[in-house]
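Numbering (the numbering used here), first residue to last: 9 to 113.
We treat Cβ as the ideally placed atom computed from N, Cα and C, and that holds for glycine.
One structure is given below, encoded as C-alpha cells.
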C-alpha cells in the first residue's frame with residue numbers, strides 16, 4: 009500500500025466519516041448536544057441553528073472527501089492540498105459565527 013492510499017484512507021476514516029455522521033445527527037436528528045459549548049437557552053431558534061451547523065459540517069466533510077480524492081489521483085501536490093484544506097475546515101466555524109450573530113438572544 010503506497011503513501012497516497014494510506015493517507016486517503018486515514019482521512020476518510022478519521023475525518024470524513026465522523027464529520028458526515030455527526031453533521032447528520034446534529035442537523036436532522038436534533039442531537040444538538042454534540043455541538044461543543046451548546047446552550048439551548050441562549051439561542052432564539054435552536055432547531056434552525058443546529059441545522060445550519062450540522063449541514064455546514066456535512067458540506068465540509070464532502071468537500072474534504074473530494075479534495076482528498078483529487079490529491080490521491082495526483083491532481084495537485086501536497087503543498088496545494090494544504091491551501092485547499094484550510095479554507096474548507098473553516099466552514100463550520102463560519103457557520104457557528106453566523107449562528108452566534110444572527111440567532112443569539
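{"Check": "Close beta carbons around residue 71, own chain, < 7 Å, minus the five adjacent residues each side", "Outcome": "96"}
{"Check": "Buried or exposed (CB count within 10 angstroms, at least 16 for buried), residue 103", "Outcome": "buried"}
{"Check": "Where residue 13 falls, given that 16 or more other Cβ within 10 Å makes a residue buried", "Outcome": "exposed"}
{"Check": "Contact belief for residue 39 with residue 48 at Cβ below 8 Å, rounded distance in angstroms", "Outcome": "Their Cβ separation, rounded to whole angstroms, is 12 Å, which puts residue 39 and residue 48 out of contact at 8 Å."}
{"Check": "6 Å Cβ shell around residue 60 - same chain, five flanking residues per side excluded", "Outcome": "103 and 107"}
{"Check": "Stretch pair the stretch 50-60 + the stretch 30-39: three plus CB contacts closer than 8 Å", "Outcome": "yes"}
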